[in-house]
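Please read the structure below before turning to the comments.
Protein chains: 2
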Amino acid sequence: MSTQAVLSKSSRPIATSLKGKDSRLEVMSAVPLVLSTPVGLLAEQTITDKKYLFVRNIQDLAEGMTLEPLPLEGWETELVGLIKPFRVVIRGEELLEMDQAEYEMILQCSGNGRSQYRGIPGTPWDQGGVGNVRFAGVPLKAILDKYNVTVDPQVKYVTAEGHDLPMGLEKPDFEHSLPVAPVLERSILALKLNGEPLPGIHGGPVRLVTPGLFGTMQVKWLRRLRFETAESPNFYHATEYRVPLSLLKAGEKFRFTMENSRPTWDIRLMSYILEPESGAKLKAGVVTVSGVAYNDGSVRLESVLVSFDRGQNWQPAKFEIPDSPYAWYRWTTQANLKPGVHEIWSRAIDALGRTQPLEGSIFWNPNGYEWTGVFKVEVTVN
Amino acid sequence: MSTQAVLSKSSRPIATSLKGKDSRLEVMSAVPLVLSTPVGLLAEQTITDKKYLFVRNIQDLAEGMTLEPLPLEGWETELVGLIKPFRVVIRGEELLEMDQAEYEMILQCSGNGRSQYRGIPGTPWDQGGVGNVRFAGVPLKAILDKYNVTVDPQVKYVTAEGHDLPMGLEKPDFEHSLPVAPVLERSILALKLNGEPLPGIHGGPVRLVTPGLFGTMQVKWLRRLRFETAESPNFYHATEYRVPLSLLKAGEKFRFTMENSRPTWDIRLMSYILEPESGAKLKAGVVTVSGVAYNDGSVRLESVLVSFDRGQNWQPAKFEIPDSPYAWYRWTTQANLKPGVHEIWSRAIDALGRTQPLEGSIFWNPNGYEWTGVFKVEVTVN
Chain A
66 MSTQAVLSKS SRPIATSLKG KDSRLEVMSA VPLVLSTPVG LLAEQTITDK
116 KYLFVRNIQD LAEGMTLEPL PLEGWETELV GLIKPFRVVI RGEELLEMDQ
166 AEYEMILQCS GNGRSQYRGI PGTPWDQGGV GNVRFAGVPL KAILDKYNVT
216 VDPQVKYVTA EGHDLPMGLE KPDFEHSLPV APVLERSILA LKLNGEPLPG
266 IHGGPVRLVT PGLFGTMQVK WLRRLRFETA ESPNFYHATE YRVPLSLLKA
316 GEKFRFTMEN SRPTWDIRLM SYILEPESGA KLKAGVVTVS GVAYNDGSVR
366 LESVLVSFDR GQNWQPAKFE IPDSPYAWYR WTTQANLKPG VHEIWSRAID
416 ALGRTQPLEG SIFWNPNGYE WTGVFKVEVT VN
Chain B
66 MSTQAVLSKS SRPIATSLKG KDSRLEVMSA VPLVLSTPVG LLAEQTITDK
116 KYLFVRNIQD LAEGMTLEPL PLEGWETELV GLIKPFRVVI RGEELLEMDQ
166 AEYEMILQCS GNGRSQYRGI PGTPWDQGGV GNVRFAGVPL KAILDKYNVT
216 VDPQVKYVTA EGHDLPMGLE KPDFEHSLPV APVLERSILA LKLNGEPLPG
266 IHGGPVRLVT PGLFGTMQVK WLRRLRFETA ESPNFYHATE YRVPLSLLKA
316 GEKFRFTMEN SRPTWDIRLM SYILEPESGA KLKAGVVTVS GVAYNDGSVR
366 LESVLVSFDR GQNWQPAKFE IPDSPYAWYR WTTQANLKPG VHEIWSRAID
416 ALGRTQPLEG SIFWNPNGYE WTGVFKVEVT VN
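Structure below.
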C-alpha cells in the first residue's frame with residue numbers, strides 16, 4: 066500500500082467505500098470512518114452483529130474497508146524486543162493450525178458516552194460505541210510456547226503496531242502499549258468475530274485482542290508486537306487516549322505527560338438502559354426497563370440498581386451472570402408508572418465496590434474518555 | 066530515654082501506667098497499649114473526646130503514657146534530606162508563635178474492622194479504632210516558608226520518625242513514608258487535640274498530622290522528617306501496614322514487596338451503624354437508625370443508603386455535609402419494623418462512585434487492613 070493511497074483515502078465518500086455496509090448503521094462523521102450502533106440494535110442482540118458493531122478507526126487500512134474478511138495467507142505478524150530469539154515471524158497460515166480460544170467480551174470505544182460530558186470535541190458518542198461480541202484466536206502465550214520465545218523479566222509493556230498508516234504524511238502513526246501481565250495472561254491474536262473470519266473493517270485478518278481493555282487497545286491489522294521496558298512515546302499513546310491522574314474542572318486546560326496521566330486501558334464499570342429509550346412515550350401501568358451492565362471483567366457485578374424517583378430509592382434489577390467475566394450482563398426490572406414525565410436511572414455496583422457516580426462529569430477530561438456516570442433516561446407516561 | 070527503660074516498659078501493667086485513664090475505655094491487649102472506643106460513645110459524640118479516643122501504639126514513649134500534655138519546651142523536630150539548607154531544627158516554642166490551622170478529621174487505625182475478616186491475628190478491632198477529632202497545629206508549608214527551606218523537585222516521599230523506641234533491642238524502629246504532595250499541601254505539626262494541648266498518649270507534644278490518611282501515618286512524638294526520593298525500607302513501612310495490589314484468597318500466603326503492595330495511606334470509604342447496636346432488642350414500629358460515614362476527604366460523599374431487607378431495596382439516609390471534607394458525616398433514617406429478627410445494612414457512596422462492597426472480604430489481606438465492606442447489624446424486634 067502506497068502512502069499516496071492513504072493520503073487520497075480521506076476524501077473518498079465513506080458510504081460507498083465500505084462494502085457490505087448496512088443502512089441501519091449510523092455514519093457519524095466522514096473522515097476518519099466512524100459508525101455507531103443504534104440503541105435499538107444493542108437492545109435486541111445479546112451478541113452484537115458484525116454488521117451493526119460500531120467502527121472507530123484512527124487510521125484505516127485501504128483494503129480493509131469491508132465487512133468481508135481479508136486473506137490470512139501471506140499475513141505476517143512479528144514479535145521483537147526484549148525476547149529470545151530476538152525476532153519471531155508468525156505467518157497467518159500457522160495461526161490457523163493452532164488451538165483457538167474464544168472470549169465473549171465487551172468491545173467499547175474509550176470515548177463512548179463522550180456526549181455526556183459538556184463541550185468536548187470528538188466523536189459525539191452516546192452509547193453507540195459499545196458492543197458485546199465473541200472474538201476467537203490463538204493465545205499469545207501458546208505462540209510464545211510454540212516458538213520457544215522467552216520474555217525478559219524486565220519487559221513491562223507490549224507495544225502493538227498495525228499495518229494501517231497515518232492519514233497524511235504529517236500525521237503520527239498509531240500504536241499502543243499494553244501492560245505485559247494481561248497480555249501474557251489472556252491476549253489472543255484474533256482471527257474470528259462471532260464465529261466468522263474477522264472482517265477487514267474490524268481489524269482482520271489478525272487483531273490483538275485483550276478482553277477487559279478498551280477498544281483502542283485492541284490493535285487492528287496486527288503487524289508487530291514489541292516487548293519493551295517502557296511505554297511507547299507515540300502521540301496516540303502518550304498524549305491521546307489518556308486520562309489525568311488528578312480531578313480536573315470542566316474545561317480546564319491540561320498538558321498530558323506520562324507521569325500525570327494514564328492510558329485508557331481498563332474498561333470502566335457502566336450500565337445502560339436500552340429499553341425504554343430516552344424520549345419514549347409509554348402507557349401508564351407496569352413498565353419493563355432493561356439494559357446491560359459490565360466492568361473490566363476482573364470481578365463480577367454485584368448488583369444493578371434502578372431508581373424511578375431520581376435516586377430517592379433504588380430497586381435491584383434481575384440479571385443472570387454471563388459465562389464470560391468480560392461479557393455484558395443483561396438486566397431487567399419493572400415498575401408501576403403513573404402519568405407524567407419520569408426519569409429512570411441505572412447504576413451497577415461490582416464486587417470491588419466500584420459504582421457509577423451520580424454526576425459522571427466529576428471525571429471530566431479534555432478528550433471525554435471513560436464516561437462512567439449513572440445512566441439516565443427521561444420518558445413520558447400517558 | 067535509655068533503651069533499658071523501653072525494654073522494661075513492656076512488662077508494666079497498663080491499667081495503672083496510663084494516668085487519667087477512663088474506666089469506660091476498653092483495654093484490648095496489654096502490650097503494646099491498645100485502647101478501643103465503645104460504640105455507644107462514638108454514637109454520642111460528634112467530636113470524640115480525647116478520653117475515649119482509641120489508642121494503638123506500635124511502640125511507646127515511656128513518659129508519654131498519659132492523657133495529660135507533655136512539655137513543648139525543649140522539644141525539637143528536625144527536617145533533613147534533599148532540602149536546602151540540609152538541616153533545619155524547629156524548637157517547640159517557635160511552633161507556638163506561628164499561625165495555627167485546625168482540621169476536623171477522622172482518626173482511624175488501618176486495622177479498624179479487622180474482626181470482619183476471618184482468621185486474622187492482630188488487634189480484633191470492630192469499629193472501636195476510629196474517632197472524629199480536631200487536630201490543630203502549624204502547617205508544614207508555613208514552616209518551610211519561615212525557614213526558607215527549598216525542597217528538591219526529586220523528593221517524592223517524606224519519612225517521619227518519632228522519639229518513641231522499639232519494645233526490645235531485637236525489634237525494628239517504627240517510621241512511615243508519606244507521599245510528598247499531600248504532606249506539602251496539608252500536613253501540620255499538630256500541637257492540639259480538640260482545642261487542648263495534645264496528650265502524651267496521642268502523640269504530644271508534636272505529631273505529624275495529614276488529614277485523609279490512616280492513623281498509622283499520623284506519626285506521634287515527631288522527631289524528624291526526611292525528604293527523600295524513595296520510600297523507607299523500614300519494617301513497619303515496607304512489610305507491615307501494606308495491602309497487596311492484587312486480590313488474594315482468604316488465607317493466602319503473600320510475601321510483601323514494595324512492588325506488589327502499597328502502604329495503607331488513604332482512608333477507605335466506610336459507613337457505620339452506631340444506633341441500634343448489633344444485638345439490640347427493639348420495640349416494633351418506627352425505628353431510628355443512625356451512624357457515621359466518611360472517606361479520604363478527596364471528594365464529598367454523595368449518598369448513604371440503608372437496607373432493611375438484605376439489599377433488596379435501599380433507601381437514602383439524611384445527612385448534613387460537614388464543614389471539613391475530612392470529618393465524618395452523621396446520618397439518620399427511619400423504618401417501620403415488624404416483630405422478628407432484622408438485619409440493617411448501610412452503604413456510603415462518594416462522588417467518585419466509590420462504595421462499600423457487599424462482601425468486604427474480597428479485599429482480604431494477611432494483616433486485615435482497610436476493611437470497607439457494607440456494614441451490617443442484626444436486631445430483634447418484639
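From first to last, the protein sequence lines stand for chains A and B. Here the first sequence stands for residues 66 to 447, where the numbers follow our numbering. Here the second sequence stands for residues 66 to 447, where the numbers follow our numbering. We put the CB at the ideal spot given by N, CA and C, even for glycine.
A:K383 is the residue among A:L273, A:K383, A:P404, A:E342 whose C-alpha sits nearest the C-alpha of A:Y394. Taking each of A:G146, A:E159, A:V214 in turn and checking the Cα distance to A:E296, the smallest one comes out for A:G146. Interface with chain A (7 Å Cβ-Cβ cutoff): B:T420 is included.
Using beta-carbon distances, B:W286 does not count as an interface residue toward chain A, since no partner is under 7 Å. B:T142 has B:I155 as its beta-bridge partners, per DSSP. Against chain B, the CB of A:L310 has no partner CB under 7 Å away; the residue lies outside that interface.
Within the segment 299-332 of chain A, the runs of beta strand (DSSP E) at least 3 residues long that lie entirely inside it are, in chain order, 307-309, 326-328. The Cβ of B:L278 sits no closer than 7 Å to any Cβ of chain A. Here B:E443 has S343, E408 as same chain residues with Cβ atoms under 6 Å from its own Cβ, once five neighbours each way along the sequence are excluded. Neighbours of A:T437 in chain B, taken as residues whose beta carbon is under 9 Å from its own, are G418 in chain order.
If you keep only unbroken beta strand (DSSP E) runs of at least 3 residues inside the segment 232-305 of chain B, you get 240-244, 253-258, 272-274, 287-293. For chain B, the residues of the segment 363-384 of chain A that bring a beta carbon within less than 9 Å of one of its beta carbons are S363, V364, E367, S368, L370, G376, Q377, N378, W379, Q380, P381, in chain order.
Interface with chain A (7 Å Cβ-Cβ cutoff): B:I427 is included. Look at A:L243: its C-beta is not under 7 Å from any C-beta on chain B.
Membership of A:G356 in the beta strand (DSSP E) is indicated by the continuous run 350-359. When secondary structure is reduced to three states using DSSP, B:R179 falls in the helix class.
The alpha-carbon of A:L100 is positioned some 5 Å away from that of A:V120. A:M282 places its beta carbon less than 7 Å from that of A:H241. In terms of Cβ geometry, B:V352 and B:A400 form a close pair [threshold 7 Å]. Residues V104, L107, A108, S355, G356, V357 of the same chain have their beta carbon placed closer than 7 Å to that of B:L339, with the five preceding and five following residues left out of the count. From the beta-carbon of B:I386, no residue of chain A is found nearer than 8 Å; the closest lies around 14 Å away. Three or more beta-carbon pairs drawn from the segment 422-430 of chain B and the segment 303-317 of chain B are found closer than 8 Å, and the two stretches are therefore classed as touching. At least 7 Å separates the CB of B:L313 from every CB of chain A.
In this model, B:W379 and B:A349 are separated by some 20 Å (Cα to Cα). Of all residues in the segment 324-345 of chain B, none comes within less than 7 Å of chain A when Cβ atoms are compared. The shortest CA-to-CA distance from B:V439 to any of A:P422, A:G269, A:D415, A:G233 is the one to A:D415.
Relative to the Cα of B:P136, the nearest Cα in the group B:R183, B:G268, B:G176, B:Y212 belongs to B:G268. Judged by DSSP secondary structure, A:D415 falls within the beta strand (DSSP E) whose first and last residues are 405-415. Looking only at B:W330, B:R419, B:E424, the smallest Cα-Cα distance to A:P422 is reached by B:R419.
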